[in-house]
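Numbering (my numbering), first residue to last: 2 to 360.
Every residue, glycine too, gets a C-beta built ideally from N, C-alpha and C.
A short write-up of the structure that comes next.
This is how it looks when you write it as structure tokens:
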């Protein structure tokens, strides 16, 4: 049988009922703190910029020399930064996975965000803190900016063009000469840039890696004659696919042969022109009487009947849609005068003086 004293002793030896709840709360807070430390530099930089920016605005509101318009612009910039954070869950780390997989997204966000962080440290914090380099805000924000800059240039050969001296080079006296309206305008531009990145955040460009190429399905082989096949298929929708493919391939081979022949004929024509030029140079040194004696008219071709002249026609095909015709190019003007000309299709030097033979 237990006494009242023993019962009191047992009650005193047990832990208070609220102590377990406090321990659980502390453990949860510790776990959350560890999770926050594992966030990306973008998430932590956003959090610190908003926190320090808000604190600076509270102190600037009490400064009589600080203009109301400039203060309003700075407050609007801070509000835009908060709005951007809430819209995409930056502080909560909702964008960390996308940032780790997209270098373009990471650099596009960190550049204006880093500029805002530098503006807070170099241009705004000295206005409210005399020994701003010794302040808690400075010691907290500056390492995150360095880490963010390293993340910006991750994967690039170029090094960051900023270092610690770039952030710390401005003193409080130098900042006094910087117009406050310029400070507010620069902060607002950076905040607007972050807001305009919404399309890139929603549809980021993922980095290409060897693993992704290895896992991606093989790409189909592109057929060079597919262009001709599309034209034939559009003109004859009910045609068999194999027939269309064979006709397209035949057209492609004909095009290649024509191109080869044109290049060969042009090269031959150039060589012929060089030969004619050299012959003209040689003939310039020969007496006219010698040239006349070498020419003998055999009368060849005098008995051949002339070519019949036909009415001009147009070789073409009519499109079903617009009833328009594709015309053959007209005979060049110099050809009608009996001069040779180069065929625009095959590059052969021709001498034709009537449309019937040309077509």
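- When 343, 350, 347 and 336 are compared, the shortest CA-CA separation from residue 357 is found for 336.
- By the criterion of a C-beta distance shorter than 6 Å, residue 192 is surrounded in its chain by 78, 81 and 82, once the five residues flanking it on both sides are discounted.
- Remark: C-beta atoms of residue 184 and residue 46 do not approach each other more closely than 9 Å.
- Residue pairing by DSSP puts residue 343 in a beta bridge opposite 350.
- DSSP, read as helix, strand or coil, puts residue 118 in helix.
- Straight-line spacing of the CA atoms in residue 123 and residue 99 works out to 30 Å.
- For residue 62 against residue 205, the beta-carbon gap comes to about 38 Å, at or over 8 Å, which does not count as contact.
- Excluding its 5 nearest sequence neighbours in each direction, residue 187 has C-beta neighbours in its own chain below 7 Å: 120, listed in chain order.
- Shown here, residue 139 sits in a helix according to DSSP, grouped into three states.
- Between residue 202 and residue 89, the gap from beta carbon to beta carbon is short of 9 Å.
- For residue 89, the enclosing alpha helix (DSSP H) begins and ends at 69-89.
- Cβ neighbours of residue 76 within its own chain (closer than 8 Å, five residues either side excluded): 58.
- Just so you know, the alpha carbons of residue 150 and residue 142 end up roughly 13 Å apart.
- Residue environment analysis places residue 86 among the buried positions, since at least 16 neighbouring C-beta atoms fall within 10 angstroms of its C-beta.
- For the set 97, 253 and 258, the Cα lying nearest the Cα of residue 42 is the one of 97.
- Boundaries of the alpha helix (DSSP H) around residue 48: 42-61.
- Of all alpha-carbon atoms in 128, 256 and 226, the one lying nearest the alpha-carbon of residue 243 is that of 226.
- A distance below 8 Å between beta-carbons, with the five flanking residues on each side excluded, links residue 114 to the following residues of its chain, in chain order: 43, 46, 47, 50, 149, 191 and 195.
- Around the C-beta of residue 84, fewer than 16 other C-beta atoms lie within 10 Å, and the residue is accordingly described as exposed.
- Distance between residue 74 and residue 116, taken at the CA atoms: about 17 Å.
- Around the beta carbon of residue 127, a 10 Å sphere encloses 16 or more other beta carbons of the protein chains shown; the residue is thus reported as buried.
- Sequence-distant Cβ neighbours of residue 93 in its own chain, meaning closer than 8 Å and more than five residues away, are 44.
- In terms of Cα proximity to residue 130, the closest of 53, 253, 101 and 70 is 53.
- At least 9 Å separates the beta-carbon of residue 252 from that of residue 347.
- The beta carbon of residue 133 sits closer than 6 Å to those of 126, 127 and 139, all from its chain and outside the five residues before and after it, given in chain order.
- With 16 or more other CB atoms across the displayed protein chains lying within 10 angstroms of its CB, residue 106 is buried.
- By the neighbour-count definition (other C-beta atoms within 10 Å, threshold 16), residue 153 is a buried residue.
- For the options 109, 330 and 256, the alpha carbon positioned closest to that of residue 197 is the one of 109.
- From the listed residues 69, 246, 341 and 209, the smallest Cα separation to residue 224 is found for 246.
- Assignment of residue 237 by DSSP, reduced to helix, strand and coil, places it in the coil class.
- When secondary structure is reduced to three states using DSSP, residue 94 falls in the coil class, being assigned neither helix nor strand.
- The residue from 144, 263, 199 and 209 with its alpha-carbon nearest to that of residue 101 is 209.
- Secondary structure at residue 198: coil, using DSSP grouped into helix, strand and coil.
- Scanning 229, 68, 181 and 332 for the CA closest to the CA of residue 254 turns up 229.
- The beta carbon of residue 72 lies closer than 7 Å to those of 61 and 62 in the same chain, with the five residues before and after it left out.
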